[in-house]
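Structure, as structure tokens:
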Amino acid sequence: MRNVLARCGSLLLLLPAWVSAAPAAPAQFPCQALSCSTLLPALPVDDPATNDCAYRAGNLWWVDYVAGSLEWSPRRAQHPVIVAVFDDGAYIDHEELRNQLWTNEAELHGRPGTDDDGNGYVDDVHGWNFVDDTPDVSPPEQCRGQVSHGTLMASLIAGQRNNGVGIAAPGSDAVQLMIIKVVGCGSHTRDPLDPKRLARALEYATKMGARILSFSSHWYATTPELDRAFAEVADRPGSPRAAIVVASVPNRGEPTAGYPAAYTFRRIVRAIPIGNDDMISPGTSPAPFGLNLGAPSACIIGAAAPPENYRVEQGSSNSTAILSGVLAGIWARPAYAKLTPDEFLAGVVRKRMSTTPRRSKPGSRAPYDHGVPLADACVLATKQRSARVCRSQEPGKRINELQRNTTGRDGGQGP
Ligand SMILES: [Ca+2]
Ligand SMILES: [Ca+2]
Ligand SMILES: [Ca+2]
Numbered sequence: 056m057r058n059v060l061a062r063c064g065s066l067l068l069l070l071p072a073w074v075s076a077a078p079a080a081p082a083q084f085p086c087q088a089l090s091c092s093t094l095l096p097a098l099p100v101d102d103p104a105t106n107d108c109a110y111r112a113g114n115l116w117w118v119d120y121v122a123g124s125l126e127w128s129p130r131r132a133q134h135p136v137i138v139a140v141f142d143d144g145a146y147i148d149h150e151e152l153r154n155q156l157w158t159n160e161a162e163l164h165g166r167p168g169t170d171d172d173g174n175g176y177v178d179d180v181h182g183w184n185f186v187d188d189t190p191d192v193s194p195p196e197q198c199r200g201q202v203s204h205g206t207l208m209a210s211l212i213a214g215q216r217n218n219g220v221g222i223a224a225p226g227s228d229a230v231q232l233m234i235i236k237v238v239g240c241g242s243h244t245r246d247p248l249d250p251k252r253l254a255r256a257l258e259y260a261t262k263m264g265a266r267i268l269s270f271s272s273h274w275y276a277t278t279p280e281l282d283r284a285f286a287e288v289a290d291r292p293g294s295p296r297a298a299i300v301v302a303s304v305p306n307r308g309e310p311t312a313g314y315p316a317a318y319t320f321r322r323i324v325r326a327i328p329i330g331n332d333d334m335i336s337p338g339t340s341p342a343p344f345g346l347n348l349g350a351p352s353a354c355i356i357g358a359a360a361p362p363e364n365y366r367v368e369q370g371s372s373n374s375t376a377i378l379s380g381v382l383a384g385i386w387a388r389p390a391y392a393k394l395t396p397d398e399f400l401a402g403v404v405r406k407r408m409s410t411t412p413r414r415s416k417p418g419s420r421a422p423y424d425h426g427v428p429l430a431d432a433c434v435l436a437t438k439q440r441s442a443r444v445c446r447s448q449e450p451g452k453r454i455n456e457l458q459r460n461t462t463g464r465d466g467g468q469g470p
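When the letters of the sequence shown are read in order and numbered with my numbering, they come out as residues 56 to 470.
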């Protein structure tokens, strides 16, 4: 059986009928109003805590959707969460990513050509390229000009906040991005899955400290070797390499969710793509019952390969990255930072996030016929914080509050 690795929801594939294609974007579009979603209307936000123009222009509605506002994470986390992005690499020099990277200090300050930390990988400063077996995690020359799916994903997890440009993300102040390249370039291509490559990548990421593994890819056949590798990370009690796997659920009518979403392991959290009007994307594949949280998929602006630098995308990949970012943002808070993956999942994700009254609309078939809980950091807000940060968990009230904040502040500046 041929294993195939596919990205979820890339723009070059068919878009769901319920979402219109994003308009072509001029280079400066992060500072322009963008209205292609009814999840929350694109409203300008006079938020003195951020200078990222896409946020101020109302284009980061999806940040408010999962986090209330960017104010939920007002300062750099003392205990950042390392999130490993399993994808086609990333432009690590991008203005939204270059200050957000996990760094292997031993290699950064070590000798070129030498494996300074003895982990078996020479000069692995920000991750590893498991496709070409090199430390260069940026797309290679022959991939220039193609969509860099991994760049978009990394930016939706942790695009840099308050750097004066572009976007911010739910994990902006909480995440260090580890770039794990496991597929070749070009989001419209399908690459044969190499189970050994993926198993090595899993081992690397978890040994080097990643606590969340973000998979915006899926595959439909697996091997005993790969099953064992995932079970070690995502299931075995007491594993020293335990981590949370955030898995995409495809939304183009695939009959099953594919792996890793199809695993029923305890540390799998599935991202269910949510489109307009809090609806589950109608083409969403059935996923196992478990930790399934809805996150926005449509009309998402993120970082792209140069010279474009930013683009608007649709698809369940976006939901996965956004969910990874919001989970990391919560986990990095002082109250939770020292929890193990199992403690975090039990005490925060299962007990609080999965029981939120804020749910998607019911889907047309099981297991979505009762809807799914929407990923929302606001369920963890204290009473004191909720008024200021989360405004309201009811979207209509939140919009009203946003409008009041926009127009009612003394000396408020327009975006
Ligand atoms: Ca090394
Ligand atoms: Ca070195
Ligand atoms: Ca930014």
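Think of the CB as a built atom: it goes at the ideal place given N, C-alpha and C, for glycine as much as any other residue.
What residues sit near ligand 1, counting only those whose C-beta is closer than 5 Å to one of its heavy atoms, in chain order?
Working through the chain, the matches are 170, 172, 174, 176 and 179.
What span of residues does the alpha helix (DSSP H) with residue 252 cover, start to end?
From DSSP, the alpha helix (DSSP H) with residue 252 extends over 250 to 262.
DSSP on residue 156, reduced to helix/strand/coil?
Strand at residue 156.
Would you call residue 389 buried or exposed, if buried means 16 or more other Cβ atoms sit within 10 Å of its Cβ?
Exposed, by the Cβ-count rule.
Can you tell me the Cα-Cα spacing of residue 117 and residue 326, whole angstroms?
C-alpha separation (whole angstroms): 14 Å.
Report the three-state DSSP secondary structure of residue 351 (helix, strand or coil).
Strand.
Once DSSP output is grouped into helix, strand and coil, what is the label at residue 279?
Looking at residue 279 - three-state DSSP - the assignment turns out to be helix.
Quick check: the Cα distance between residue 345 and residue 165, rounded to an integer number of angstroms?
Taking the straight line joining both Cα atoms gives about 44 Å.
From this set, 278, 322, 228 and 203, which residue's C-alpha is nearest residue 251's C-alpha?
When each option's Cα is compared against that of residue 251, the closest is 278.
Using only the heavy atoms of ligand 2, determine whether one of them is closer than 7 Å to the beta carbon of residue 414.
Not so, every heavy atom of ligand 2 lies at least 7 Å from the Cβ.
Just to confirm, is the Cβ distance from residue 144 to residue 221 under 8 Å?
Cβ distance not < 8 Å, so residue 144 and residue 221 don't count as in contact.
Could you tell me the alpha carbon to alpha carbon distance between residue 141 and residue 418, rounded to whole angstroms?
If I take the Cα positions, the gap works out to 29 Å.
What separation, rounded to the nearest whole angstrom, lies between the Cα atoms of residue 172 and residue 383?
Cα to Cα, residue 172 sits roughly 26 Å from residue 383.
Looking at the strands, I want to know which residues DSSP matches up with residue 317.
Beta-bridge pairing links residue 317 to no other residue.
Please find out if some non-hydrogen atom of ligand 3 comes closer than 7 Å to the beta-carbon of residue 218.
Indeed, a heavy atom of ligand 3 lies less than 7 Å from the Cβ.
If I measure Cβ to Cβ from residue 229 and keep anything under 7 Å in the same chain, skipping five residues before and after, which residues do I get?
Excluding sequence neighbours, residue 229 sits near 128, 132, 135, 136, 383, 384 and 387.
Indicate the three-state DSSP secondary structure (helix, strand or coil) for residue 285 in the structure shown.
Helix.
Using C-beta distances below 8 Å, list every residue in its chain close to residue 322, excluding the 5 sequence neighbours before and after it, in chain order.
288, 289, 290, 297, 298, 299, 300, 396, 397 and 400, listed in sequence order.
Figure out for me which residue from 313, 262 and 292 has the closest Cα to the Cα of residue 342.
The candidate whose alpha carbon is nearest that of residue 342 is 313.
Residue 120 to residue 369, Cα distance in whole Å?
So the alpha carbons of these two residues sit roughly 16 Å apart.
With respect to 7 Å, is the separation between the Cβ of residue 166 and the closest non-hydrogen atom of ligand 4 below this value?
Summarising the ligand content, the structure contains ligand 1, ligand 2 and ligand 3 and does not contain ligand 4.
Taking 7 Å as the line, does the beta carbon of residue 151 fall inside it for any heavy atom of ligand 3?
Answer for residue 151: yes, Cβ within range of ligand 3.
In the DSSP assignment, find the unbroken alpha helix (DSSP H) run with residue 489 in it and report its ends.
Beyond the ends of the chain as shown, which are 56 and 470, falls residue 489; an answer cannot be given.
In chain order, what residues of the same chain lie with their CB nearer than 8 Å to the CB of residue 280, ignoring the 5 residues before and after it?
These residues qualify, in order along the chain: 250, 251 and 254.
If I measure Cβ to Cβ from residue 169 and keep anything under 7 Å in the same chain, skipping five residues before and after, which residues do I get?
For residue 169, where only same-chain residues beyond five positions count, the Cβ hits under 7 Å are 177.
Can you tell me which of the three DSSP states residue 396 falls into?
It is helical.
Return yes when at least one heavy atom of ligand 3 lies under 7 Å from the C-beta of residue 223, else no.
Yes, Cβ of residue 223 sits closer than 7 Å to a heavy atom of ligand 3.
Going by beta-carbon coordinates alone, are residue 303 and residue 272 separated by less than 8 Å?
Going by C-beta atoms, residue 303 is nearer than 8 Å to residue 272.
Would you list the one or two residues that DSSP bridges to residue 204?
For residue 204, which the question treats as bridged, DSSP gives no partner whatsoever.
May I have the straight-line CA-CA distance separating residue 264 from residue 274, to the nearest angstrom?
In a straight line, the C-alpha of residue 264 is about 25 Å away from that of residue 274.
Which of the three DSSP states is assigned to residue 211 in this structure?
In the structure shown, residue 211 sits in a helix (DSSP, three-state: H, G or I).
Relative to the C-alpha of residue 209, which candidate in 282, 156 and 406 has its C-alpha closest?
Among 282, 156 and 406, the Cα nearest to that of residue 209 is on 156.
May I have the straight-line CA-CA distance separating residue 315 from residue 362, to the nearest angstrom?
Computed Cα separation, rounded: 33 Å.
Just to confirm before moving on: does the CB-CB distance between residue 339 and residue 306 stay below 8 Å?
Taking 8 Å as the Cβ cut-off, residue 339 and residue 306 qualify as a contacting pair.
To the nearest angstrom, how far is it from the Cα of residue 268 to the Cα of residue 359?
Residue 268 and residue 359: Cα-Cα distance of roughly 21 Å.
Can you have a look at residue 236 and say buried or exposed, based on whether 16 or more other CB atoms are within 10 angstroms of its CB?
Buried.
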